[in-house]
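To start, the structure itself, in structure tokens.
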Amino acid sequence: MGTPSERQVSRTDLFLAFLKIGMLGFGGVAPWARHVIVQERRWLTDKDYAALLGIGQVLPGPNTMNAAIMIGDRFQGAGGAVLAVLGMMAMPLVILVALASLYAAFAAVPEVRVAIAAAASAAAGLVIGTAVKMAVKLKPTPLALVFGALSFVAIGLLRLPLLPTVLALMALSVLGAAWGRRA
Amino acid sequence: MKDHPLLQIALTFASLSLVSIGGANVVVPEIHRQVVDQFAWMNDTTFANLFAIAQAAPGPNVLLVSLVGWHVAGTAGLAVATIAILLPSGLLAFAVSRLIARWSDTRWIAIAKAGLVPVAVGLILASGVVMARAADHDVLAVAITAATAMFVILSDRNPLWALATATAVGVAAFRLGLSV
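Sequences listed follow chains A and B, in order.
Start counting the first sequence at 65; every next residue gets the next number (my numbering).
Start counting the second sequence at 94; every next residue gets the next number (my numbering).
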């Protein structure tokens, strides 16, 4: 097995994978993208995927969209990037318009409301579980654990403003990693 | 022409695209201000409904913007709004992707990666906890969140199984009068 970046991923593969990610992406795309790309198809390692998400986070636009563009470009250049975006957006847009059209008719049905609420609770668990699983698989250094925990507390618990906090933490974390590898 | 709704949609969302650092949720208040207060394309209730639908649907949160475009100008509005919010930030991501590819063999990229990864994972955990706080209002909901998290951690199977089970449990509990 070569390193993931040496794998051959065709344009059709890319499009279909992101089509699946978009279709499954209840409660946000990041956990589903990890499931399909890291776990199911093994195109990227957990580390590479998390790094792309991290870069996607500090760029404007949805972080998963930015990651999709970078993944598409990595395997199939500009065409791959376009296909990844189209794949990821296609099904959600169709489902969205269908939902919006039906919303008026079904919003009053209590079972629909309850089902959506339960799905939202499960989606939160999916995101939490994905983060824990990635943290376990990445085998973090003590320093990485500290910065992971700091990021979680700052944004998840203290609700500090996202951009300045994340930029500061990333800068310190990169400096820490550089210092750790010195020698 | 200047007042054409499609042009206004394009300009509004294209200008938001490059400031939406951290994703669409960061600019939701600004979208609300422009869509409801400035252009009066819809009232508060409609905006809240569109937001709920965008959250319930699969896909990235940026879909709220697509839905606003659809509400204002039909299919053309949907297409224009989606392209306007995605294209500027997408081009930037592409440029960054090329830069990274060029420098990928250098030691600095490895170090940057080592530094970015823990922050990215911490942020995923943070967004999960924020979602749980918003969604979980009773014991059953907390149990569903915890059970789904455990399923994902312990099993490599498709998480859709957990979501489908959770939804069925929620509806069953409601039918049996166990939750409101």
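Just so it is clear, CB atoms sit at the ideal spot from N, CA and C, and this is done for glycine as well.
Bear in mind that the values here come from a model prediction, so they are computed numbers and not experimental data.
Residue i CB to nearest chain B CB: under 8 Å?
i: V73(A); result: no
i: G144(A); result: no
i: V173(A); result: no
i: I101(A); result: no
i: T109(A); result: no
i: G66(A); result: For G66(A), the predicted structure reports a pLDDT of 43, less than 50, and the residue's modelled location is therefore unreliable. The matter cannot be settled from this model.
i: L80(A); result: no
i: L224(A); result: no
i: F139(A); result: no
i: K197(A); result: yes
i: G151(A); result: no
i: P156(A); result: yes
i: L83(A); result: no
i: P206(A); result: no
i: A94(A); result: yes
i: L147(A); result: no
On the premise that residue j lies in contact with residue i, defined as a C-beta separation below 8 Å, what is that separation, rounded to the nearest angstrom?
i: V214(B); j: M129(A); result: In fact, because the Cβ distance is near 19 Å, the residues do not count as touching under 8 Å.
i: G92(A); j: P156(A); result: Wrong, their Cβ atoms sit about 11 Å apart, outside the cutoff.
i: F82(A); j: M152(A); result: 4 Å
i: V155(B); j: G162(B); result: No, V155(B) and G162(B) are not in contact; Cβ-Cβ is about 11 Å, not under 8 Å.
i: A228(B); j: A234(B); result: 6 Å
For a contact defined as C-beta to C-beta under 8 Å, what are the partners of residue i on chain B?
i: G240(A); result: G208
List, in order along the chain, the chain A residues whose C-beta lies closer than 7 Å to that of residue i?
i: G162(B); result: The premise fails here: G162(B) is roughly 11 Å from chain A at the closest Cβ pair, so nothing lies under 7 Å.
i: M135(B); result: Near M135(B) there are no residues of chain A at all, since even the closest Cβ is about 12 Å away, more than 7 Å.
May I have the straight-line CA-CA distance separating residue i from residue j, to the nearest angstrom?
i: S69(A); j: A242(B); result: For S69(A), the predicted structure reports a pLDDT of 49, less than 50, and the residue's modelled location is therefore unreliable. A value from the coordinates is still provided. C-alpha separation (whole angstroms): 29 Å.
i: P225(A); j: L269(B); result: 42 Å
i: A166(B); j: P98(B); result: 7 Å
i: A177(B); j: A265(B); result: 42 Å
i: M65(A); j: D110(A); result: Caution applies to M65(A), whose pLDDT of 40 falls short of 50 and renders its modelled position unreliable; the value that the coordinates give is listed next. Looking at the two C-alpha atoms, the distance is approximately 16 Å.
i: L123(A); j: L166(A); result: 35 Å
i: L209(B); j: I119(A); result: 7 Å
i: F170(A); j: D77(A); result: 36 Å
i: V121(B); j: R246(A); result: 43 Å
i: D137(B); j: L157(B); result: 14 Å
i: A133(B); j: R126(B); result: 9 Å
i: V129(B); j: S197(B); result: 45 Å
i: F211(A); j: L256(B); result: 30 Å
i: L207(A); j: W107(A); result: 27 Å
i: V217(A); j: V196(A); result: 14 Å
i: K203(A); j: A213(A); result: 14 Å
i: L180(B); j: F79(A); result: 18 Å
i: T194(A); j: F140(B); result: 31 Å
i: G220(A); j: P228(A); result: 15 Å
Please check if any C-beta of chain A sits within less than 8 Å of the C-beta of residue i.
i: A107(B); result: no
i: P122(B); result: no
i: A169(B); result: no
i: T260(B); result: yes
i: G270(B); result: no
i: A141(B); result: no
i: F267(B); result: yes
i: P98(B); result: no
i: F187(B); result: yes
i: L179(B); result: yes
i: L156(B); result: yes
i: A103(B); result: no
i: L192(B); result: no
i: A225(B); result: yes
i: A166(B); result: no
i: D249(B); result: yes
i: A239(B); result: yes
i: A174(B); result: no
So which residues on chain B does residue i lean against when the C-beta distance must stay under 7 Å?
i: I219(A); result: L216, A219
i: T128(A); result: P153
i: L88(A); result: P151, L253
i: A114(A); result: V210, A213, V214
i: A213(A); result: G215
i: A97(A); result: None at all; the shortest Cβ gap to chain B is about 10 Å.
i: P124(A); result: S110, L111, V112, S113, I114, S182, L185
Please compile the residues from chain A whose C-beta is within a distance smaller than 8 Å of the C-beta of residue i.
i: F244(B); result: G189, G193
i: D229(B); result: S185, A188
Please tell me whether, using a cut-off of 7 Å, the distance from the CB of residue i to the nearest non-hydrogen atom of the ligand GTP is below it.
i: R245(A); result: In terms of ligand content, the structure shown is empty, and the ligand GTP therefore cannot be addressed.
Against residue i, what residues of chain B qualify as contacts under a CB-to-CB distance less than 9 Å, listed in chain order?
i: R245(A); result: R200, A203, I204, A207
i: F170(A); result: Simply none; closest approach about 11 Å.
If the cut is a Cβ gap below 9 Å, which residues of chain A does residue i touch?
i: T138(B); result: The premise fails here: T138(B) is roughly 11 Å from chain A at the closest Cβ pair, so nothing lies under 9 Å.
- Are there three or more Cβ pairs, one per stretch, closer than 8 Å when the stretch 237-244 of chain B is compared with the stretch 181-191 of chain A? Three or more pairs of CB atoms, one per stretch, sit closer than 8 Å, so the stretch 237-244 of chain B contacts the stretch 181-191 of chain A.
- Query: Taking three-plus beta-carbon pairs below 8 Å as touching, is the stretch 236-246 of chain A in contact with the stretch 142-149 of chain B?
  - Reply: No, the stretch 236-246 of chain A is not in contact with the stretch 142-149 of chain B.
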